[in-house]
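Presented below is the structure to which this report refers.
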Amino acid sequence: MIFQETKLKGAFIIDIEKIEDERGFFAEGWKQDVAEQHGITVVFNRTNISNNRKKGTLRGLHSQRAPYGETKLVRCIKGSIFDVMVDIRPESSTYGQWVGAELSADNHRMLYIPCGFLHGFQTLEDDTTVFYQVAGTYKPDLEQGARFDDPAFNIAWPEAATRVLSPKDQQWPNFQPD
Numbered sequence: 013m014i015f016q017e018t019k020l021k022g023a024f025i026i027d028i029e030k031i032e033d034e035r036g037f038f039a040e041g042w043k044q045d046v047a048e049q050h051g052i053t054v055v056f057n058r059t060n061i062s063n064n065r066k067k068g069t070l071r072g073l074h075s076q077r078a079p080y081g082e083t084k085l086v087r088c089i090k091g092s093i094f095d096v097m098v099d100i101r102p103e104s105s106t107y108g109q110w111v112g113a114e115l116s117a118d119n120h121r122m123l124y125i126p127c128g129f130l131h132g133f134q135t136l137e138d139d140t141t142v143f144y145q146v147a148g149t150y151k152p153d154l155e156q157g158a159r160f161d162d163p164a165f166n167i168a169w170p171e172a173a174t175r176v177l178s179p180k181d182q183q184w185p186n187f188q189p190d
């Protein structure tokens, strides 16, 4: 596994290292001791799968308030997405900044998103599936979010002929720090 720390402290883009032959390839998708060499000690206790029928589907921006914040390891296992994380840790030197990366079934790239970040993604293809491991307990009453087009973040989402958003995601306000 190849860890590339982003400009957001503690957040990583992770690529796999393939061992290839005529059959295809083998790679480690997650190895705790390698992660710990990069300061990641979280243990994932949940797995989520998000299937998205249409190109342009946008999910997010979501997070959970303390003490039930979530850490995520996100990968796209079918199709492709533009995945975004926004640092909303008030004490962080990168507060309010975002990083995005294309994750796809072809590039096998992952994003490690620490607790204290908003997360969202937009599908780049029809019939796209996202698989993510989560550390934390989901508590609906502690969910928070912000509009995907919040001017405070100025996220450069890919152009979409049609954007598909849930009613809840359409109604998030612009981000309001606690």
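Quick note: the sequence shown uses the numbering used here, first residue 13, plus one each step.
Don't be surprised by glycine CBs; every beta carbon is placed ideally from N, CA and C.
Quick caveat, the model's predicted, so the values are computed rather than measured.
Please state the DSSP three-state secondary structure of residue i.
| i | result |
| --- | --- |
| leucine 154 | helix |
| aspartate 27 | strand |
| aspartate 161 | coil |
| glutamine 16 | strand |
| valine 176 | strand |
| glutamate 40 | coil |
| glutamate 48 | helix |
Residue i and residue j look like a contact to me (Cβ under 8 angstroms); what is the Cβ gap, rounded to whole Å?
| i | j | result |
| --- | --- | --- |
| threonine 135 | glycine 81 | The Cβ separation is near 25 angstroms, so there is no contact. |
| glycine 132 | valine 96 | 5 angstroms |
Residue i: which of the options sits nearest, CA to CA?
| i | options | result |
| --- | --- | --- |
| aspartate 153 | Gly36, Pro185, Pro79 and Phe160 | Pro79 |
| lysine 21 | Val46, His50 and Asp27 | His50 |
| glutamine 145 | Gly132, Gly128, Leu123 and Glu171 | Leu123 |
| isoleucine 31 | Gln44, Ile25 and Met13 | Met13 |
| asparagine 60 | Ala117, Asp27 and Tyr150 | Tyr150 |
| asparagine 186 | Ala164, Ala172 and Ala113 | Ala164 |
| proline 189 | Ala168, Asp99 and Trp42 | Asp99 |
What are the start and end residues of each continuous alpha helix (DSSP H) run of 4 or more residues lying completely inside the stretch 74–147, in chain order?
Segments of the alpha helix (DSSP H) lying fully in the stretch 74–147: there are none.
On the three-pair Cβ rule with 8 angstroms, is the stretch 174–182 touching the stretch 105–118?
no
Check whether the stretch 34–51 touches the stretch 136–143, taking contact to mean three or more Cβ pairs, one atom from each stretch, closer than 8 angstroms.
no
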